[in-house]
Each structure stands twice: as C-alpha cells, then as structure tokens.
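Chemist:
Protein chains: 2
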Amino acid sequence: MSMKLLQEKILKDGKIGEGNILKVDSFVNHQIDVKFMNEVGKEFARLFKDEEITKILTIEASGIGIACIVAQYFDVPVVFAKKSKTINIAGDVYVSKVESYTHKNVYDIIVSKEFLHKEDKVLIIDDFLAKGSALNGLIELITAAGATIVGAGIVIEKAYQNGGELIRSRGVRVESLARISSMSDGKIEFID
Amino acid sequence: MSMKLLQEKILKDGKIGEGNILKVDSFVNHQIDVKFMNEVGKEFARLFKDEEITKILTIEASGIGIACIVAQYFDVPVVFAKKSKTINIAGDVYVSKVESYTHKNVYDIIVSKEFLHKEDKVLIIDDFLAKGSALNGLIELITAAGATIVGAGIVIEKAYQNGGELIRSRGVRVESLARISSMSDGKIEFID
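Each protein sequence line maps, in turn, to chains X and V.
Letter by letter, the first sequence follows residues -1 to 190 of the working numbering.
Letter by letter, the second sequence follows residues -1 to 190 of the working numbering.
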C-alpha cells in the first residue's frame, strides 16, 4: 500500500467529529476493514524488513485487530497490553501509565512478565499516534522488560500534536503510514 | 485444524488459575498465537462454508484479534461491540447488557447503527463461551438491527456451564472448537 492509498481512504471514509476529532470508525476502530489492514501489514513488513522482530506489542482494544493482521507478515505472536482496573497489581506484570485525552483520565496498562523477555525484539503497532501517551506507555513496558524496541508502526499520526516528534527525538523509530498536518474547517491535510 | 489440535494446545499451554478458571493467556487472550488462530480461522471457514456471511461481529477486547484473523477466510469486515462507559447513549447505537461473572458487574455493549444493517448476515466470533452472557448480548444487537444471525464460532466452550445449551435451544447454531466437559482437580476433560 502506498501512503497515498491510506490518505485517500481517510479522505473518503473518515469523518471529523465534535471537538475536531478524526473518526475512522468505519475501517479502523469499530468496524475493521480487514482486507485494507492486510495492505497496512504489507507496508509495515516492507518498512521493517531489515529488522529482526520476535514479538508485536499493542494495546487494547482497537490496536489488537491491526496488530494480529500485521503479525502475519512477520510470523510472530502479538501481545496486547491490558488496561488495568485492579488497584493492587501483582508482582508478575510490568506496569506503566497512560493518559487518555479523550476520556480525560489516567490509567495503568499492564503486560505479564511471561510474555515480554529481555531477548525480545519488539515492534509496537497501534492505530493512532497523537500526544504519544499510549506509545510512551508501551515503550516503558518494553524497557521494563529489558527487551529491545525495534520501532513503532502507526496507521495514522496526528502530526499537529507533538507525540511523534517527542518519541522520535528519543531515538525510537516511528513509522506512520499517514501523517495528518492539519484538520481545520473540516479539511484534512497530510504531510507527504 | 482438527478439534484434537486445539485440545492438545489447551492441555499443553492452558493453566488452571484460582477459582478454577482456565487461563489461555499464552495464546488466546493476552498473547495471541496468530499462526494458530489462522488454523482456527480455517476451521470456522470449513464449518460455515455453506453460509452466506456479510459481517463478523465480536466484542472487545480479546475477541477482536481472533475475529480479524477469521474474517480473512470469509473476506468480510469485522465489527466489534464496545463496552460502554457512557451513561447517556446517543440514539445512533444498538445497546444490550452483558453480565461479567469474572468482574461481578453488568455493563452495556454498543454497536453503531452504521455498521449493522437488516441485510447483514452475521457470524459471531468469540474466544470463550461459558454462561453465554456476552454471546446473548451480541445476539440481541443483531436482532435489534433486524439482521440475520448465521451462527456463532467459539474457540473454547465451557460446556459444564449452560450458556451454549441455552443459546442452541433457541435455534442459534453454535460451533465451539473445543468443549470442556469438566475441570476438576486440575484436570481438563473434553467432549469429543
């Protein structure tokens, strides 16, 4: 898939909701266009073809479907971080915090120590990158496990927010298939 | 995949946790064995090959990955019902209730009216079936949309609970790839 195809899909099927929020409910995070996600998977496979990857890490819920489709192109398992509701966390998980700007709260994400090891070379896959809180939380889980962060594959980056910039400046490879530069007056523009 | 393979996988990688709960965290609902899920997908494709299916419906979070892999064998999109935290539900969603026996609460699940239509022929996919509350909630969403329920494809059914029996008795086709008849003294037994 060229980045052009994804841009066209966003322009055709995306909607701008209240509060200037991009809604891609019809193919990413409520209904999932599985055929299209296979094109996404092929593109990540191309971008990360020179890397050795042992595991794909994502976060529930909407990252899981994309991660599973993408994982087929690397022949590795998916691990998804869980949003934890439990206050007392047992010692057998890694924990980090994620801030949700949509829901205006902070929550813990956890991953079992059983499924992230220091030998792992981890590719993070997620649908969105905006302020980078979820991505940062996933990076912290990998770091806590002593594993290697190969990079992050993001479907849509809101490049007018600073998450991508901050995380790239720390030396993490972030590949976003569509980078939105602005969304004003109902018009979506991309960085080519 | 024969049902035998899944049984062997459960015996090899499944664990019985506190409260006699079967944990399949290592390949179903925390880490996902994507290659194995492709075998699951092939088996559902075989079981439902004579049905016309336009959409796969599942529920977040752990159903999503499996549903996406399975959907590739039917070439249809996945829709996942969301666990709703919002009290005021807008009029543009179908709502039903699900009881969680693990978390001892009742929550709403919703699906946007945009993604379920009366013309749809829906296959439900989920990882577990026990008391059948989630499956029942999904059936209610499809019914509310006036769509057709083709059936349900379940990876693991706890057949010693009565959810599957109740739902089959209402005329819904339920295909479970592994049916556990008992789990006592740390020993898992299957219905063949």
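Each residue gets a CB set at the ideal place from its N, CA and C atoms; glycine is no exception.
Just to confirm the assignment: which complete alpha helix (DSSP H) runs, minimum length 4, are found wholly within the segment 17 to 80 of chain X?
Modeler: 32 to 45 and 60 to 69
Chemist: X:THR146 lies in the beta strand (DSSP E); which residues open and close that run?
Modeler: Taking the first residue of the first sequence as position 1, residue 146 of chain X is located at position 148. Its beta strand (DSSP E) spans residues 146 to 156.
Chemist: For V:ALA259, name the three-state secondary structure that DSSP assigns.
Modeler: What is shown of chain V runs -1 to 190, which leaves residue 259 of chain V out entirely.
Chemist: Using a Cβ cut-off of 9 Å, pull out every chain X residue sitting near V:GLU16, in sequence order please.
Modeler: What you label residue 16 of chain V is simply residue 18 of the second sequence in a count that begins at 1. What V:GLU16 touches in chain X: nothing, since even the nearest Cβ is about 11 Å away.
Chemist: Put X:LEU114 into one of helix, strand or coil per three-state DSSP.
Modeler: For the purposes of this step, residue 114 of chain X is taken as residue 116 along the first sequence, with counting starting at 1. Note: X:LEU114 maps to coil in three-state DSSP.
Chemist: V:MET35 and V:GLY63: beta carbons closer than 8 Å?
Modeler: Residue mapping note: residue 35 of chain V aligns to position 37 of the second sequence, counting from 1. Residue mapping note: residue 63 of chain V aligns to position 65 of the second sequence, counting from 1. Closer than 8 Å, so yes.
Chemist: Given a cut-off of 8 Å, decide if X:ILE178 and X:LEU55 are closer than it, judged by their beta-carbon atoms.
Modeler: Position 57 of the first sequence, counted from the start, is the residue given in the question as residue 55 of chain X. Position 180 of the first sequence, counted from the start, is the residue given in the question as residue 178 of chain X. Taking 8 Å as the Cβ cut-off, X:LEU55 and X:ILE178 do not qualify as a contacting pair.
Chemist: With a threshold of 8 Å, are at least 3 pairs of Cβ atoms found where one atom belongs to the segment 12 to 23 of chain V and the other to the segment 114 to 121 of chain V?
Modeler: no
Chemist: Based on Cα-Cα distance, which residue from V:GLN70, V:GLU58 and V:ASP125 lies nearest to V:ILE108?
Modeler: Indexing the second sequence from 1 puts residue 108 of chain V at position 110. Ranking the options by Cα distance to V:ILE108, first place goes to V:GLU58.
Chemist: Under 8 Å, Cβ to Cβ, is there at least one residue of chain V near X:GLY244?
Modeler: Not covered by the structure: residue 244 of chain X. The range shown for chain X is -1 to 190.
Chemist: Kindly indicate if chain V contains any beta-carbon less than 8 Å away from that of X:LYS80.
Modeler: The sequence position of residue 80 of chain X within the first sequence is 82, counting from 1. Answer yes: the Cβ-Cβ gap between X:LYS80 and chain V drops below 8 Å somewhere.
Chemist: Which partner residues of X:LYS95 appear in the DSSP bridge assignment?
Modeler: Taking the first residue of the first sequence as 1, we reach residue 95 of chain X at position 97. Its beta-bridge partners are X:ASP106.
Chemist: Taking 8 Å as the threshold (beta carbon to beta carbon), is V:SER110 in contact with chain X?
Modeler: Locating residue 110 of chain V in the second sequence gives position 112, counting from the first residue. At least one chain X Cβ lies under 8 Å of V:SER110.
Chemist: Count the other CB atoms within 10 Å of the CB of X:VAL104; is the residue buried (16 or more) or exposed (fewer)?
Modeler: The residue labelled residue 104 of chain X in the question sits at position 106 within the first sequence. By the 10 Å Cβ count, X:VAL104 comes out exposed.
Chemist: By Cβ distance, which residues of its chain are closer than 7 Å to X:ILE51, with the 5 residues on each side in sequence left out?
Modeler: By one-based count along the first sequence, residue 51 of chain X stands at place 53. Around X:ILE51: PHE72, VAL74, LYS119, LEU121 and VAL148.
Chemist: Is V:SER94 buried or exposed, if buried means 16 or more other CB atoms sit within 10 Å of its CB?
Modeler: Position 96 of the second sequence, counted from the first residue, corresponds to residue 94 of chain V. Buried, since its Cβ has 16 or more Cβ neighbours within 10 Å.
Chemist: Within 10 Å of its beta-carbon, does X:TYR92 have 16 or more other beta-carbons around it, so buried, or fewer, so exposed?
Modeler: Position 94 of the first sequence, counted from the start, is the residue given in the question as residue 92 of chain X. With 16 or more Cβ atoms within 10 Å of its Cβ, X:TYR92 is classed as buried.
Chemist: Give the DSSP bridge partners of V:GLU163, in chain order.
Modeler: Looking up residue 163 of chain V in the second sequence gives position 165. In the DSSP output, where bridge partners are listed per residue, V:GLU163 has none listed.
Chemist: Around the Cβ of V:ASN27, are there at least 16 other Cβ atoms within 10 angstroms (buried) or fewer (exposed)?
Modeler: Taking the second sequence and counting its residues from 1, one reaches residue 27 of chain V at position 29. Looking at its Cβ environment, which holds 16 or more other Cβ atoms inside 10 Å, V:ASN27 is buried.
Chemist: Do X:GLY135 and X:VAL96 have their CB atoms nearer than 8 Å?
Modeler: Locating residue 135 of chain X in the first sequence gives position 137, where the first residue counts as 1. Locating residue 96 of chain X in the first sequence gives position 98, where the first residue counts as 1. Contact flag set, yes.
Chemist: Looking only at its own chain, which residues have a Cβ that is under 7 Å from the Cβ of V:LYS81, when we skip the five neighbours before and after it?
Modeler: As a working note, residue 81 of chain V is residue 83 in the second sequence. Cβ neighbours of V:LYS81 beyond the five flanking positions: GLU58, TYR105 and ILE107.
Chemist: Take the Cβ of V:GLU266 as the centre, count every other Cβ of all protein chains shown within 10 Å, and call the residue buried at 16 or more, exposed below.
Modeler: The structure shown does not extend to residue 266 of chain V, since chain V spans only -1 to 190, so no value can be given for it.
Chemist: In angstroms with no decimal places, state the Cα-to-Cα distance between X:VAL172 and X:LEU45.
Modeler: Reading the first sequence from its first residue, position 174 is the one you call residue 172 of chain X. Reading the first sequence from its first residue, position 47 is the one you call residue 45 of chain X. X:VAL172 and X:LEU45: Cα-Cα distance of roughly 11 Å.
Chemist: Does the distance from the CB of V:ALA150 to the CB of V:LEU133 come in under 8 Å?
Modeler: As a working mapping, residue 150 of chain V is identified with position 152 in the second sequence. As a working mapping, residue 133 of chain V is identified with position 135 in the second sequence. Contact: yes.
Chemist: Decide if X:GLY2 is buried, meaning its Cβ has at least 16 other Cβ atoms within 10 Å, or exposed.
Modeler: Along the first sequence, one-based indexing puts residue 2 of chain X at 4. Looking at the sequence provided, one finds Lys at residue 2 of chain X rather than Gly. Around the CB of X:LYS2, fewer than 16 other CB atoms lie within 10 Å, so the residue is classed as exposed.
Chemist: Span of the alpha helix (DSSP H) holding V:LEU8?
Modeler: For this step, residue 8 of chain V is matched to residue 10 along the second sequence. What sits at residue 8 of chain V in the sequence shown is Ile, not Leu. Per DSSP, V:ILE8 belongs to the alpha helix (DSSP H) from 1 to 11.
Chemist: Who are the neighbours of X:VAL32 on chain V, taking C-beta pairs under 7 Å?
Modeler: The residue given as residue 32 of chain X occupies position 34 in the first sequence. Under the 7 Å cutoff, chain V gives CYS66, ALA69, GLN70, PRO75 and VAL76.
Chemist: In this structure, how does DSSP classify V:GLY169 when only helix, strand and coil are distinguished?
Modeler: Translated into positions along the second sequence, residue 169 of chain V becomes position 171. DSSP places V:GLY169 in coil when its eight states are reduced to three.
Chemist: Can you find a C-beta in chain X that's less than 8 Å from the C-beta of V:PHE126?
Modeler: One-based indexing of the second sequence puts residue 126 of chain V at position 128. No, V:PHE126 lies away from the interface with chain X (no Cβ there is under 8 Å from its Cβ).
Chemist: Return the first residue and the last residue of the beta strand (DSSP E) that X:ILE186 is part of.
Modeler: To locate residue 186 of chain X, count along the first sequence from 1; it is residue 188. Taken as a continuous stretch (DSSP letters only), the beta strand (DSSP E) holding X:ILE186 covers 185 to 188.
Chemist: If you compare alpha carbons, which of X:LYS111, X:PHE25 and X:GLU6 is closest to X:PHE78?
Modeler: Looking up residue 78 of chain X in the first sequence gives position 80. Taking only the C-alpha atoms, the option nearest X:PHE78 is X:LYS111.
Chemist: State the beta-bridge partners of X:LEU121 as determined by DSSP.
Modeler: By one-based count along the first sequence, residue 121 of chain X stands at place 123. X:LEU121 is bridged to X:ILE54 and X:GLY149.
Chemist: Helix, strand or coil for X:GLY15? Go by DSSP, reduced to three states.
Modeler: Residue 15 of chain X sits at position 17 when you count from the first residue of the first sequence. If DSSP states are grouped into helix, strand and coil, X:GLY15 belongs with the strands.
Chemist: Give a yes or no on whether 8 Å exceeds the smallest Cβ distance from V:GLU58 to chain X.
Modeler: Mapped onto the second sequence, residue 58 of chain V falls at position 60. Judged by the 8 Å Cβ criterion, V:GLU58 is in contact with chain X.
Chemist: Looking only at C-alpha atoms, which of V:VAL68, V:ALA145, V:ARG166 and V:GLY144 sits nearest to V:LYS129?
Modeler: Reading the second sequence from its first residue, position 131 is the one you call residue 129 of chain V. Among V:VAL68, V:ALA145, V:ARG166 and V:GLY144, the Cα nearest to that of V:LYS129 is on V:ARG166.
Chemist: Please check the pair V:VAL68 and V:VAL32, which I expect to be a contact at CB under 8 Å, by giving their CB distance rounded to whole angstroms.
Modeler: Working through the second sequence from its first residue, we reach residue 68 of chain V at position 70. Working through the second sequence from its first residue, we reach residue 32 of chain V at position 34. Incorrect: roughly 12 Å between the Cβ atoms, too far for contact.
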